[in-house]
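Novice:
Chains as they are written, first to last, in the working numbering: chain A, 226 to 617; chain B, 203 to 377; chain C, 47 to 230.
(1) Using a Cβ-Cβ distance cut-off of 8 Å, determine whether residue 343 of chain A contacts chain C.
(2) Determine whether the beta carbon atoms of residue 290 of chain B and residue 303 of chain B lie at a separation below 8 Å.
(3) Where DSSP assigns a beta bridge to residue 461 of chain A, which residues make up the other side?
(4) Please list, in chain order, all residues of the same chain as residue 91 of chain C whose beta carbon is under 6 Å from its beta carbon, the five residues on each side excluded.
(5) Whose C-beta lies closer than 8 Å to the C-beta of residue 626 of chain A among residues of the same chain, with five residues either side of it excluded?
(6) Compare the C-beta of residue 400 of chain A against all C-beta atoms of chain C and say whether one is closer than 8 Å.
(7) Can you pull the chain C residues whose beta carbon is under 9 Å from the beta carbon of residue 407 of chain A, in chain order?
(8) Does any CB atom of chain B fall closer than 8 Å to the CB of residue 228 of chain A?
(9) Just the C-alpha distance for residue 447 of chain A and residue 453 of chain A, rounded to the nearest angstrom, thanks.
(10) Flag this pair as yes or no: are the beta carbons of residue 310 of chain B and residue 343 of chain B separated by less than 8 Å?
(11) Residues in its own chain within less than 7 Å of residue 275 of chain A by CB, not counting five upstream and five downstream?
(12) Can you find the residues in the same chain that come closer than 8 Å, C-beta to C-beta, to residue 343 of chain A, ignoring five residues on each side of it along the sequence?
(13) Given a cut-off of 8 Å, decide if residue 358 of chain A and residue 367 of chain A are closer than it, judged by their beta-carbon atoms.
(14) For the stretch 394-403 of chain A against the stretch 499-519 of chain A, are there 3 or more C-beta pairs whose distance is under 8 Å?
(15) Let me see if you follow: with CB-CB separation under 8 Å, is residue 117 of chain C close to chain A or not?
(16) Let me know the secondary structure DSSP gives residue 340 of chain B once reduced to three states.
(17) If we cut at 8 Å on Cβ distances, does residue 385 of chain A have a partner in chain C?
(18) Within this structure, are the beta carbons of residue 306 of chain A and residue 256 of chain A separated by less than 8 Å?
(19) Does chain C have any CB closer than 8 Å to the CB of residue 377 of chain A?
(20) What would DSSP say about residue 312 of chain B, mapped onto helix, strand or coil?
(21) Rounded to the nearest angstrom, what separates residue 589 of chain A and residue 215 of chain C at their Cα positions?
(22) Establish whether the CB of residue 596 of chain A and some CB of chain D are separated by less than 8 Å.
(23) Determine the DSSP secondary structure at residue 292 of chain A, reduced to helix, strand or coil.
(24) I need the DSSP call for residue 613 of chain A, collapsed to helix, strand or coil.
(25) So is residue 323 of chain B buried or exposed if we call it buried at 16+ other beta carbons inside 10 Å?
(26) Taking DSSP as the reference, what is the three-state secondary structure of residue 310 of chain A?
(27) Starting from residue 287 of chain B, trace the beta strand (DSSP E) both ways and give me its first and last residue.
(28) Tell me whether residue 121 of chain C counts as near the ligand HEM, meaning its Cβ is closer than 7 Å to at least one heavy atom of that ligand.
(29) Mind listing the chain C neighbours of residue 419 of chain A? Cutoff is C-beta to C-beta under 7 Å, in chain order.
(30) From the beta carbon of residue 439 of chain A, is the nearest beta carbon of chain B less than 8 Å away?
(31) Could you give the distance in angstroms between the alpha-carbon of residue 278 of chain B and the alpha-carbon of residue 228 of chain B?
(32) Looking only at C-alpha atoms, which of B:319, B:268, B:253 sits nearest to residue 275 of chain B?
(33) Is residue 96 of chain C helix, strand or coil when you go by DSSP?
(34) Give a yes or no on contact between the stretch 398-415 of chain A and the stretch 344-353 of chain A, applying the rule of three or more CB pairs nearer than 8 Å.
(35) Run through the stretch 61-132 of chain C for me and flag every whole alpha helix (DSSP H) of 4 or more residues, listed as ranges in chain order.
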């Protein structure tokens, strides 16, 4: 049993590691976004941070162009773009519009960012101990470093509750800018997020109904299809037929996740053809960067939840098909951090892939998709899941 | 059946398949294939192939002896719709035809219509392939036969990285 | 050091409670309506934190999800769209002052008595707990959500259903109001 001091120190270490991972992945995502969309559009993507034409790198580039090849440096020379992006946002002038509500204007990006990061508190990256600190460490010697921050028994509710607070940042940022386009963007975004929260919750309820728990770790273990020991001490395993509602639920969830994170094709809040850039039109500098951070962190959270619940979590096969992998196989039958992050990165890639493929929906189309199609089909899916739970 | 078609996102799937195919092809083959499968280039280092009839900046030509080909017939000055060409006629020792003492070209009003080149009976002027026409001062756009920044015989220094205009054998000012 | 952390952990409830009261006061006192809604949101989040301090995790999350995530958004929506400045001169809300002051005094006295008898005295002799046959196979401290749901759907099913009828009535009433306005 850990003493309170050990608990606090351990929590601080875990939070630091987690936040550093998020803050590393988010700028890399912006770089990946340029590259992936570039490749899809038969371009090279970002290849430089400034137009350097002399020097070593340029010499290598000229040489490989002369040899009729695309220079290998083109893959990496764009990498400093993400550092340059951050530096630019830090050094830019911070403008507060005239007659804007200064307090709300400043606090809106913070309200947007805190829930986006707080979601990761209950996400379980690995269902056990990653490593144990050596006993030579001063306070935390001999303590396990777990793959999850907290293991509360209402994890899913926590995710939905915290995620529903993030919308305030967008609405208040739009309102406080004292400008037409941001206000319209904020209102659109609020209506969109509130509408899509219903099918989102309904598609997540499939997982809850099947497993009968709200704990993220237990949910992901149960839905992976491996035998699991509950808190009451009995061994349960998901029936194979439950893979059907889980499979459809994944697609419904990921659709609603696109809408919740305001990504293409549901980025009505920042539709640049109509609303300049929506709710963050008046924002500049670090405040704008916080909105971007929140958006990408939300994407990561949605990917992690989809990977944990529907794609088998820490195991290899998705939709509860892990039972077909015999235990004798050394690596593939065990839970691994690698599988989880592989799924998360694939889903993050899907966000970019869809962005490069689909055009933006019209607003009435967005609402009709949400209310007339997604809510009925998620309800039907939920009924199927409940029937399976009742019978098997 | 129609409701099933509406429920299944087949169109989205086919679109995703197409973009996924392009991504895979470019991601895996971009560095290996001999021919360039992408449509953009890394501009300053890379030659850009410009269409042969691309209309760049006006440039005067010299013949094999290094003499100016222009004979001051004023055809280009007369046909120019925006009247950006001004020529002063003069004489030079050992030359039968008239010799231009001044040939002024104001690029900021030029519309690059190529009427001057077509009207020229002696093939003494062309529109070259230079597309980097920026300058820092307004005076630099008034180009004469002699000039500090640029003159009528050479490409402007801004275009020194434009490999197309200096290194491309198809280009008229190929050195 | 350990003792300090334990003391802090035991007294966090009072910190969050005071912050919730401060948020409520700011909601009443702030001039701008949007600031009021923001303070209300803050107050709601602090109440959820209070629930968490009492290790009622399910209630805390439900508080966040329903009040902070649902109801306050609608408040904000309405407040942003309605221009409240035109009511400033009419002193619309001043009419209720003479009625509200005695009501507030009565309410304060009631709350003070309840808090005195519960918080600073011996706890109530009969706590509101689940019947023992319902708790079978559940560790109430670890499985918060399960015990709440057993209480709602097995122990107190009838009150729950009656509550849902109230919600239905309000829903139908809202529909009727909206409809009649459009016809007229």
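We put the CB at the ideal spot given by N, CA and C, even for glycine.
Specialist: Taking the geometry as given:
(1) Answer no: the Cβ-Cβ gap between residue 343 of chain A and chain C never drops below 8 Å.
(2) Contact flag set, yes.
(3) For residue 461 of chain A, which the question treats as bridged, DSSP gives the partners A:453.
(4) These residues qualify, in order along the chain: 114.
(5) Coverage of chain A is limited to positions 226 through 617, which leaves residue 626 of chain A absent and any answer about it impossible.
(6) Yes - at least one Cβ of chain C is within 8 Å of the one on residue 400 of chain A.
(7) One finds nothing in chain C with a Cβ atom closer than 9 Å to the Cβ of residue 407 of chain A; even the nearest lies about 12 Å away.
(8) Answer no: the Cβ-Cβ gap between residue 228 of chain A and chain B never drops below 8 Å.
(9) Near 6 Å, if we compare the C-alpha coordinates of residue 453 of chain A and residue 447 of chain A.
(10) The Cβ-Cβ distance between residue 310 of chain B and residue 343 of chain B falls below 8 Å.
(11) Model confidence at residue 275 of chain A stands at a pLDDT of 49, short of 50, so the residue's coordinates are unreliable; what they give is reported in the following sentence. Excluding sequence neighbours, residue 275 of chain A sits near nothing in its chain.
(12) Excluding positions up to five away in sequence, the list reads 387.
(13) Yes. Within cutoff.
(14) Flag = yes, the stretch 394-403 of chain A and the stretch 499-519 of chain A touch.
(15) Closer than 8 Å: no.
(16) In the structure shown, residue 340 of chain B falls within a helical segment according to DSSP collapsed to helix, strand and coil.
(17) At a cut-off of 8 Å, the C-beta of residue 385 of chain A has a neighbouring C-beta in chain C.
(18) The answer is yes: Cβ separation under 8 Å.
(19) Cβ-Cβ to chain C under 8 Å: yes for residue 377 of chain A.
(20) Here residue 312 of chain B sits in coil by DSSP.
(21) Straight-line Cα distance between these residues: approximately 29 Å.
(22) Of the chains in the structure shown, none is chain D; the protein chains are A, B and C.
(23) Three-state DSSP puts residue 292 of chain A in coil, outside helix and strand.
(24) Three-state DSSP puts residue 613 of chain A in a helix.
(25) By the 10 Å Cβ count, residue 323 of chain B comes out exposed.
(26) DSSP, reduced to helix, strand and coil, places residue 310 of chain A within a helical segment of the structure shown.
(27) For residue 287 of chain B, the enclosing beta strand (DSSP E) starts and ends at 287-292.
(28) Questions concerning the ligand HEM fall outside what the structure shown contains, since it holds no ligand whatsoever.
(29) Contact of residue 419 of chain A with chain C by beta-carbon distance below 7 Å involves 119.
(30) With its beta carbon at least 8 Å from every one in chain B, residue 439 of chain A lies outside the interface.
(31) Going by the C-alpha atoms only, they are around 49 Å apart.
(32) The option with the nearest alpha carbon to residue 275 of chain B is B:319.
(33) Residue 96 of chain C sits in a helix when the DSSP states are folded into three classes.
(34) No, the stretch 398-415 of chain A does not touch the stretch 344-353 of chain A.
(35) If we require 4 residues or more, the alpha helix (DSSP H) runs fully inside the stretch 61-132 of chain C come out as 79-99, 103-109, 118-127.
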